[in-house]
Each structure stands twice: as structure tokens, then as C-alpha cells.
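The sequence shown maps to residues 0 to 466 in numbering that gives the first Met the number 0.
Even for Gly, the Cβ is constructed at its ideal location relative to N, Cα and C.
Nothing here was measured: the structure is a model prediction, and the numbers come from that model.
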Amino acid sequence: MNVISKIFPVRSCTYFIDDSVIRAKKISLCLDYHINKCQGPCEGLVSKTHYLQMIKRVEKFIRGRTKGTIAHINKLMLKASNAQKYEIAAMYRDQLTDIKLFHEKQTVTGSNFDDRDVIALANNHSIGIAVILRIRNGRIISREKLSLINLDVSPKKNMATIVTRFYLDSDFIPNEVSLQHKPLNENELISWLRTKSKHKIRFNYPQKGEKAKEIRITFQNAKLLLGEWVLKRQQKIDLVPKTIKQLQKDLNLKNPPRVIEAFDVSHLGGKDIVGSMVCFINTKPKKSEYRRFKIKTVSQNDDFASMEEIVHRRYSRVKKESKVLPDLILIDGGKGQLGIAFSVLKRLELEHIPIIGLAKRLEEVYLPGFKDPQSIDKQSPGLILLRKIRDEAHRFAITYQKQKRNSNLFKSPFESIHGLGKKRLGILLNSFENIKTISQLTPEVLNGETKIPIKIAKEIISLAKKL
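Following this line, the structure appears as C-alpha cells:
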């Protein structure tokens, strides 16, 4: 694009321009016009026909057809020179120099001057890089790549995916495409490309000669790019934040605790008991992995039993579904809650997962089997991270607990009556001021006011008298 902008005065803005916009003078000339990089279509300083002719020359240039462009610029340079407009002539001269430099940078592939694309894939298990060399007039004008994950085991299927993805948004499809492998559904792909390009398309699978050499060059390019990509991915994996390293040291862990899952229990006076789990990866919250738990087995205020339930529900499911286990489990609480959670892990045969308790009062860290808290500097980045994660688990639990409590506040005692749906319940509550009024009604009166069946009306009145 840099080369094109130097040679052709194509506008760089993205404004919508039509005759009404030009007449209304909604867009003003920018700097590009004043430095001869744009012809000013925004103010109608170039005709639509003239501008579209230039765009056609750009298209030919991209396809490698540069002779017409060179002849056109030479003509303009000569005209400017004859008119003694030497600055403009010098600009055209510089454009010709840019075209020459552009040509020199392009590699000549051989004696075959047919336009073609060459596609090859290099993969490492399920990831890969596809490289597409675009050859026009015997010169490589560009090298493009596709980064691919979740590759199939079938080379044919992968090649079909590459062809589809690459040409889906491509405006320039040559008559010939050289491929490393025959793609799946070859005929359907060719038919699709013919329809899209409006000209004949053929796939080649060269085994020898210049075109086979082009495939090998493309594959080597793909291998090099894949190696760089794999290395970057590995470096990203190997990059352990300093805070994680400090936490590993503080807790004397074998592996850095990149993935930490933290649990908390919240209730209000023993009611609306809920649990929460938050997940942090490399010190950052992973909110898509957060989980909320409505306590099912505990009906009264029992933090220990509630913690036992949520830890068991979480890791029995993780184990059943063979999901990735965390590097560290954090329990919001002291030795009691920690002991309960650790006993759950032992029952699930997951006691190898490091687990700790963080007591609120003195911010002390406990490990299973140790009576006293760990000696960790209160200003340690590792301990600060643990407090942050614990507080996030508590916030998440409190938020859920409030939502649950608010939901219960607006719950009607009549919802438990079979046959009294939302519509009938709404009519009932809108028809009478309060429960006391309902308790003093007869089934016939209630039926007459609300059209609720007599049988259900009797149940409503009976329940209202008990409330």
C-alpha cells in the first residue's frame, strides 16, 4: 500500500462521497491534496470517470501489469515538462523511480510468466501456517499468510479450508492456483472460484520443474514462519509473572501457580446461603470461569458444610469431565474450612492439588497438616495477590447472595399453589389490597372477581388464613 500511495493519488480517507456530498461541501480538502497525494474528489476537483480510470490502473498494477502505468506516467511527465511545470514533472519522475525500485525488490520466478498463486502449508500438530505466494508476470509481488489452529488430520481438508478462507475476501483470483495437496471437494471449490472470479480456474499439483520449485519455496517460507510462531507461543507460556514466582516461593510450591481457583460462602443471618468460585490466570481474573453455587444440602448457617458442598460439586464435575485442574486452590477461611475442603479433595483422590486457607482477621495463610500459619511477609506481592483473589471471591458471593435475597423478597407465597400461574397470580394480587383481605373472602366472591376456578380459590383462601 505504501508503494501504491506513492505512485497513485488515491484518497486515503474513508468518507462516503457522492454528488450531494460534494454540492453540500460537507468534506474539506486535506493535506494529501496539497502535497499532490490526492486529486480532491471530496470537493469534485476530479471527475468520477477520471478517478475510476485511475483505480483500474491501480488494479492492473496490483496484478503486476505495470507497463501501462509506466507509459501513462511518462506521458504525464513529458506533458508537465513541455509546459515548464518542472515540480510536477519531478514528481512523476519520482513515481517512475518508485516503480523501478518496486520491480527490483520482486523476485523473478522463472521463464513462466503466467499469473498464479502458490499455496503450501506447514503444520505442527494442530496448528499451522499457510503461505500464499502471488506471482504476476513471472514476479513474486506479495507473500501472504494464514495462521491456523485446530487443524484436521486430513491434508485434503486443511487445503480446502485454506483455499476457502483465503479467497473468500480476495478480489484478485488468477486463472491458475498451484497447491501442495489436492483439496477436499476439488470440483466444488473450482466451481465456487469460477463463479466468484467470472473466469476459468484450474488447480495444479506440480511434482517437478519450476512450479514444483515454487511449491518447495512456499513450503520453506511456511516452515520458517511456523517456527517463529511456535517459539512466540512457547515464550508466552514460559513467561511467568514475578508475582506468581514470588507466590510459588512463599508457599514452597513445586510449580508456579498460574491458575488459582478461590472459594467463598456467603449468607445473611443463616438465610440465602450461596457459594462462589473465582478463577485467576497469571494474576488476571478469568470471568468466564467464575461459578456460583446455590447451596442444596444445607438449610441452616453452617459454613463448613456449605464449603464442603461447593468444593465437592466443583471438583467432582471437573474430574468427571476431565477438565484442567488448577495449580492452587484458595479457601476463604482458616484451619476449619481448609480442613473440610482438603478432606473433599482426598475423597476425590485430588489431594495432590495444592490448597491453602486465607484467614480474614490477620490475613494468615494455612496449609493442610500445619497447626500454625505460614510465615509470609505481609508486603509480599504473592500474599497481596492472594488477598485480591480472596476479596474478589467474597465480592462475587455477596453479589449473588443479594440477587437471591432480592428475588425472594418479590416472591409471592401463593406461587406454590398448583394451577395458579403468573397470569392468574397477577390478577389476584391486583384485585385485592393484601393477604388479610383475601383470607376473609369466600371462594365464590374470589371467583367472581378474578375468574380463578373455585377449587384453586379455596386453596388460596386456606393459605391466606395461615399467613
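Residue pairing by DSSP puts G356 in a beta bridge opposite I330, Y365. F341 and P255 have their C-alpha atoms spaced approximately 20 Å apart. Inter-residue distance for V176 and F218 is about 15 Å (C-alpha atoms, whole angstroms).
Below 8 Å, enough C-beta pairs join the region 245-255 and the region 374-383 to call them touching: three or more. Residue environment analysis places V444 among the exposed positions, since fewer than 16 neighbouring C-beta atoms fall within 10 angstroms of its C-beta. Of S27, D18, I6, A23, the smallest CA-CA separation from C12 is found for S27.
Taking C-beta atoms under 8 Å as the contact rule, D331 and H266 fail to qualify, at a distance of about 13 Å.
Of the other Cβ atoms in all chains shown, fewer than 16 fall within 10 Å of the Cβ of E209; this residue is therefore exposed.
Only residues of its own chain outside the window of five on either side were considered, and among them L462, L466 have a CB closer than 7 Å to the CB of P412, listed in chain order.
In the structure shown, V117 falls within a strand segment according to DSSP collapsed to helix, strand and coil. C-alpha of L225 to C-alpha of D151: approximately 17 Å in a straight line. Judged by DSSP in its simplified three-state form, C29 adopts coil rather than helix or strand. Around I189, the same chain offers I200 as residues with beta carbons nearer than 6 Å, after the five sequence neighbours per side are excluded. For A129, the uninterrupted beta strand (DSSP E) segment begins and ends at 126-135. Taking C-beta separations shorter than 8 Å and ignoring five residues to either side along the sequence, the partners of E363 in its chain run G333, L357, P372, Q373, following chain order. Assignment of A70 by DSSP, reduced to helix, strand and coil, places it in the helix class. Beyond the five residues adjoining it in sequence on each side, F431 comes within less than 6 Å, by CB distance, of I437 in the same chain, given in chain order. In the three-state scheme derived from DSSP, where H, G and I count as helix and E and B as strand, S374 is classed as coil. Closest in alpha carbon position to D18, among K47, I328, C29, is K47. Of the candidates I216, F171, P205, R215, F171 places its Cα closest to the Cα of H198. The alpha-carbon of P367 is positioned some 7 Å away from that of G338. C-alpha of F15 to C-alpha of H71: approximately 28 Å in a straight line. For I294, the secondary structure class from DSSP, reduced to helix, strand or coil, is coil. By the neighbour-count criterion, in which a residue is buried when 16 or more other Cβ atoms sit within 10 angstroms of its Cβ, L427 is buried. With a beta-carbon spacing of about 47 Å, I416 and E348 fall beyond the 8 Å limit used to define contacts.
One Cα belongs to V273, the other to R389, and the distance between them is close to 16 Å.
Counting only residues of its own chain and dropping the five nearest sequence neighbours on each side, S146 has a CB closer than 7 Å to the CB of I128, W228. If you check the CB distance, M90 and N35 come in under 7 Å.
Taking a 10 Å sphere around the C-beta of N157, we find 16 or more other C-beta atoms and assign the residue as buried. With respect to the 7 Å criterion, K377 and D271 are not classified as neighbours on the basis of their beta carbons.
Counted as a single uninterrupted DSSP element, the beta strand (DSSP E) harbouring L147 occupies residues 138-147.
Around the beta carbon of T160, 16 or more other beta carbons lie within 10 angstroms, which makes this residue buried. Q38 is the residue among E185, I214, Q38 whose C-alpha sits nearest the C-alpha of S4. In the structure shown, the three-state DSSP call for I200 is coil. Between the C-alpha atoms of N149 and S125 there is a straight-line separation of about 5 Å. Per DSSP, E443 is one residue of the alpha helix (DSSP H) stretching across 442-449.
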